[in-house]
Amino acid sequence: MSKQFYITTAIDYANGSPHIGHAYEKVLTDVIARHRRLSGDAVYFLTGLDEHGQKVQMTANKEGIAPQEYCDAIAEKFQGLCSTLNISNDDFIRTTQARHKDVVRQILQDLFDKGEIYRADYKGFYSKRQEQFLQEKDKVDGEWPEIFGEVEEFSEPAYFFKLSQYQDWLIDFLKTNEDFVFPRFRQKQVLEFLKEPLNDLCISRPKERLEWGIPLPFDEDFVCYVWFDALTNYISAVGYGQDGFAEKWPANFHVIGKDILVPPHAVYWPIMLHAAGIPIPKQLLVHGWWNISGEKMSKTLGNVVDPIQLADQVGPDAVRYFFIREMNVGQDSDFSADLLLTRYKTDLGNDLGNLVSRQLNMGGRYADGKVPAATIDEEPEQELKKVWDENTATVIEQYEGFQFHRGLDTAWVCIRACNRYLEVRQPWKLAKSEDATDKERVLTSLAYVAESLRLAATLLTPVMPTISAQILELVGADSVTAYEGNLTFNVGTLEGRSLGEKTILFPRIEG
RNA sequence: GCCAGAGUAGCUCAGUGGUAGAGCAGAGGACUCAUAAGCCUUUGGUCGGCAGUUCAAAUCUGCCCUCUGGCACCA
């Protein structure tokens, strides 16, 4: 079997309910996955949940339940989010699953045997008053701030991964693979970061302090700390060490947020893989964050937005459309209920939904509910066809370059052209004419709009899979499983097909 | 402090050397197949500031200002 197109989201930390940041990353990854499928790739799409660590243990304790029970509840929420938003993931990895823990231990043992992991003393500081661990950087003017009270220095054994010895290798790798990180300016940030010497990475916590983790295979008194546990999900989910692994690995894309690029995904992960003799993923796609009405989203500000609630309000496809239309991949963008409702009302309801509505209505009224034959080829028809001919390839190119917001903008140029075409043709007027040519013009215009909607729905399939399928059905088109053969404007495609009943795709929302 | 990103119409943004653009919002209009929709016209900007290169700069160079993010053990 040939190599599949393997794409992942980051795994979310099981410490709370999903917000629109989680939802966006899944939608973005899903749009890429669907786009690749339509382009003919055999896509394998992974998402999942990171379930170990201090915070999970503490939260579960506070709620008086076992950590696993707590994680099960969170996992249900995140899986529910995927299902609500129509995320087409092939798998959902949870870091507490045996398949994952086995691989983590296998890699750790392997690196330990190779001498890549060593034991040493970890020195740190602890504030009893704040019950937290401190670092040198928490000092102000070389002194511990008053709020920490008495700070004691401690030293305890720990295990370290020899990260620093691979620094030069990584710099060289990044310079040779200029496109490893998208957008490119993010790669520059990585190289900036690497100008400072790396320290070795502490990968353990003593079990007495942290129980909720994967025990180190070579010392069961310790559990694995964070990154070796979390990042490894990308290979454990696709059967590292088993037959078939090479059909998926290396991943084509890890889609991640800008907060976990440096150092985890751009530094730790490539070095871990390199040290273990595993191929490096091909590319990291780094997206920005959503601000909420101009402010950072935070629990403290109380402005966290629940994606499920949004989907309840405007429907999952409209949420997907908003995310993709509004966010320039890599940059930050602003979210507000107003922006969402405006996009819903104008782009979706007025431009697209209403166009479908007029088509179905006129189709029933003037053409017996069937897509008629196009017998007229005058300037308005040529103009409309030209718009499609000039723009469909552009949309695909923009998708290819992760310029999804611009791809949608371009698609809307076509959709608006379609509304204009109807204004020029005015079938509702021509229908009253006794002239036989005018009758032909009415029928022709309906055929042109049907074909336009078929193309629009095809182009929108990655972003709005459900609505697109619905539009295709309403204009009598077959469902689309590939771009190939479906992106050329050919007005005869749907001739004779039945149009659906009048349908309001995006009902007006009051308020 | 260092590094990066952003700064263009009221709002969201496109535009990398050749007479300032789109959508939304605002104003006016004709129409009526349609979700009071769509269409046409229109108001609105010294393109963050200053200097430079050039016949020509939003676009290239330098300096500065504002906002955002990153700056190693953070889960």
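If you're matching positions, the first sequence starts at 1472 in our numbering and goes up one per residue.
Built from N, CA and C at the ideal position, the CB exists for glycine as well.
Bear in mind that the values here come from a model prediction, so they are computed numbers and not experimental data.
Cβ pair residue i, residue j closer than 7 Å
i     : j     : result
T1479 : L1517 : yes
G1967 : L1945 : no
L1831 : K1973 : yes
H1758 : L1499 : yes
A1546 : R1565 : yes
Y1792 : V1934 : yes
S1707 : K1841 : no
V1913 : P1936 : no
L1983 : S1939 : There is simply no residue 1983 to check, as the chain begins at 1472 and stops at 1982 in what is shown.
S1916 : C1889 : no
D1543 : Y1484 : no
A1629 : S1675 : yes
F1873 : N1723 : no
A1921 : A1845 : no
V1726 : L1756 : yes
F1563 : Q1550 : yes
D1671 : L1702 : no
L1781 : V1775 : no
G1519 : I1558 : no
V1575 : I1685 : yes
A1948 : L1965 : yes
P1735 : W1698 : yes
S1950 : L1943 : yes
I1779 : T1555 : yes
Exposure label - residue i; buried when at least 16 CB within 10 Å
i     : result
K1526 : exposed
D1818 : buried
E1691 : exposed
D1788 : buried
K1497 : buried
S1804 : buried
R1655 : exposed
G1712 : exposed
R1680 : exposed
E1587 : buried
T1908 : exposed
L1744 : buried
G1524 : buried
N1560 : buried
E1852 : buried
G1963 : exposed
Simplified DSSP state of residue i, which is helix, strand or coil
i     : result
Y1541 : helix
R1565 : strand
L1702 : coil
I1763 : strand
A1546 : helix
G1595 : strand
E1966 : coil
V1652 : strand
V1502 : helix
K1633 : coil
E1849 : coil
S1950 : coil
K1646 : helix
K1841 : strand
Of the listed residues the options, nearest to residue i (C-alpha basis)
i     : options                       : result
P1538 : Q1528, D1512 and C1695        : Q1528
F1653 : G1728, L1641 and R1590        : G1728
I1642 : K1633, K1659 and F1632        : K1659
P1750 : N1557, Y1705, K1497 and A1928 : Y1705
K1979 : Q1784, T1846, Q1475 and N1957 : In the sequence under discussion, the amino acid at residue 1979 is Arg, which differs from the Lys named in the question. Closest by alpha carbon: Q1784.
T1854 : F1656, E1868 and V1895        : The identity of residue 1854 in the sequence shown is Glu, whereas the question assumes Thr. The shortest Cα separation from E1854 among F1656, E1868 and V1895 belongs to V1895.
I1763 : D1777, L1755, E1955 and P1752 : D1777
V1960 : A1864, Y1637 and N1774        : The sequence shown places Phe at residue 1960, not Val. The candidate whose alpha carbon is nearest that of F1960 is A1864.
P1668 : W1640, N1862 and R1655        : W1640
S1473 : N1648, I1975, A1717 and I1779 : A1717
L1579 : E1623, C1673 and V1866        : C1673
R1590 : L1582, I1742 and Y1597        : L1582
V1800 : I1482, G1492 and N1486        : G1492
V1622 : Q1550, F1644 and G1595        : G1595
Y1954 : L1810, V1866 and A1808        : V1866
D1730 : N1670, V1661 and L1781        : V1661
Q1754 : K1678, G1786, A1838 and D1650 : D1650
L1812 : Y1837, P1677, N1648 and G1786 : G1786
Let me know the alpha helix (DSSP H) ranges lying completely inside the region 1865-1890, each 4 residues or longer, listed in chain order. none
Which ranges does the alpha helix (DSSP H) cover as unbroken runs of at least 4 residues, wholly within the region 1888-1941, from first to last along the chain? 1898-1901 and 1907-1931
Within the region 1718-1754, ranges of the alpha helix (DSSP H) (whole runs, at least 4 residues): 1740-1747
Inside the region 1663-1716 only - beta strand (DSSP E) runs reaching at least 3 residues: 1675-1677 and 1690-1695
Let me know the alpha helix (DSSP H) ranges lying completely inside the region 1770-1829, each 4 residues or longer, listed in chain order. 1778-1785, 1787-1797 and 1808-1814
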